[in-house]
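Chemist:
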Amino acid sequence: MIISIDQNSGFCFGVTSAISAAERELRAGALCCLGDIVHNGQEVSRLESLGLQTIDYDDLRTLPPHSRVLLRAHGEPPSTYWIARQRGIEIIDATCPVVKKLQDRIRACYETHKNDEPLPPQIVIYGKPGHAEVIGLQGQTNNTAIVIESADQLDRLDFTRPIYLFSQTTKSIEGFNALVEAIQSQISNLKSQIVLEAHDTICRNVANRVARLQDFARQQDLVLFVGGTKSSNARVLYNHCLEANPNTLFIASPDELEEKLPPLHSPLSTLHSQPSTLKVGICGATSTPLWLMEKVRDKLSLIP
Ligand code: SF4
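When we follow my numbering, the leftmost residue of the sequence shown carries the number 1, and every step to the right adds one.
1. From Val210 to Asp59, what distance separates their C-alpha atoms?
2. Beta strand (DSSP E) containing Ala198: first to last residue?
3. Contact defined as beta carbons within less than 8 Å: I believe Ile307 pairs with Phe176. What is the distance between those atoms, to the nearest angstrom?
4. Consult DSSP for Leu268 and reduce its assignment to one of helix, strand or coil.
5. With a cut-off of 8 Å on the beta carbons, I'd call Gly51 and Leu34 a contact; round off their distance for me.
6. What is the rounded straight-line gap between the Cα of Val134 and the Cα of Ser301?
7. For Arg72, which of helix, strand or coil comes out of DSSP?
8. Return helix, strand or coil for Leu34, following the three-state DSSP convention.
9. Look at the Cβ atom of Val38, then the Cβ atom of Ile19, and state whether they are nearer than 8 Å.
10. Would you kindly work out how many angstroms separate the C-alpha atoms of Ser188 and Ala151, rounded to a whole number?
11. Could you check whether Ala285 and Ser231 sit closer than 8 Å to each other, using their CB atoms as the reference points?
12. Tell me where the beta strand (DSSP E) around Asp255 begins and ends.
13. Please list, in chain order, all residues of the same chain as Arg156 whose beta carbon is under 7 Å from its beta carbon, the five residues on each side excluded.
14. Looking at the structure shown, is Leu190 part of a helix, part of a strand, or coil, going by DSSP?
15. Give the DSSP-derived three-state secondary structure of Gly127 in the structure shown.
16. Cα separation between Leu119 and His131?
17. Can you name the start and end residues of the beta strand (DSSP E) that Thr305 belongs to?
18. Please report how far the alpha carbon of Leu290 lies from the alpha carbon of Lys279, in whole angstroms.
19. To the nearest angstrom, how far is it from the Cα of Leu249 to the Cα of Ile303?
20. Taking the alpha helix (DSSP H) that Ile135 belongs to, which residues open and close that run?
21. Within 7 Å: the Cβ of Phe313 and any heavy atom of the ligand SF4?
22. From Cys109 to Gln138, what does the alpha carbon distance come to, in whole angstroms?
23. Can you tell me whether Leu268 is buried or exposed, with buried defined as 16 or more other CB within 10 angstroms of its CB?
24. When you compare the segment 152-171 with the segment 190-202, are there three or more beta-carbon pairs, one atom per stretch, that lie closer than 8 Å?
25. Could you give the C-beta distance for Thr288 and Val226, rounded to a whole number, given that I count them as a contact under 8 Å?
26. For Arg212 and Arg46, I'd like the C-alpha separation in whole angstroms.
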């Protein structure tokens, strides 16, 4: 068996710098993180073993003054900063600069157009409702932005009012383009004269991975995609992998190997490219730590 790890998989710079900030600040004293620092249970556990305490919004409202709270790469709505100020909480802001820039753009769009007459605008976010980044983006519009996940939800838009469309950073470019096309065709079907401003704000750190990931997947007999079950980026990239190689398995940890792995050494196995070798590739999402992919490799190499 030849096992290789995809060199392009693993943390993006936004997640890497949030984790570095957590490690650095933990050396200086007690530290809480608002929500899981990354959508990967194993990495969260590793940082918790160093002392990081994961808290939720209810906890934030009851923290004593001078507590230190790290804001993760996904970013937060203005209300979080307001609560922290009211309670005298120290914020360590690890919002990814790409997300920060998107928040600023959405806020500027909202402030510029919120009083437009006679047609008040609609700010639309192509994203996953309830996702931490999306909550932060909606917050820039006083929670007036409409979140839609696909073209099936166009009935939520009013085609008599201008539409300003943005995207959650980790959505797929194809999905965004399909949505823009569907909105444009609805506008033209209704012979509407409204403005559609579509801003492709997908992070290229994620989008550029797809082609490389698919190349890697095609070269393997079997692909093990390692990702957190809560990560939307992991689901998106896993599906791209599966498209390139149907022999792709999603696993959250090395412990799932025995349960999910097909028979690797059976002479009847359909996985083998050649009778004597089986190429197994390990890859992951932007929230998958390299050490976790290495653990999968090490455990796999012990399987008889
Ligand atoms: S995927 Fe892009 S926007 Fe999201 S945290 Fe990583 S670098 Fe930042």
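Heads up, the beta-carbon is just placed ideally off N, CA and C, and yes, glycines get one too.
Modeler: According to the data block:
1. 37 Å
2. 196-198
3. Residue 307 lies beyond the residue range present for the chain, which begins at 1 and ends at 304; the question has no answer from this structure.
4. Reliability fails at Leu268, whose pLDDT of 46 lies under 50, so the model's placement of it is uncertain and the value that follows must be treated cautiously. If DSSP states are grouped into helix, strand and coil, Leu268 belongs with coil.
5. Rounded, the Cβ-Cβ distance is 16 Å, inconsistent with contact.
6. 40 Å
7. coil
8. strand
9. yes
10. 15 Å
11. yes
12. Asp255 -> no beta strand (DSSP E), and no H or E assigned at all.
13. Ile146, Ile148
14. coil
15. coil
16. 29 Å
17. Because the chain here runs from 1 to 304, residue 305 falls outside it and cannot be looked at.
18. 19 Å
19. 17 Å
20. 132-139
21. Because the chain is modelled from 1 through 304, residue 313 falls outside the range shown and cannot be assessed.
22. 12 Å
23. The predicted position of Leu268 is uncertain, since its pLDDT is 46 and thus under 50; no value can be drawn from it.
24. yes
25. 5 Å
26. 29 Å
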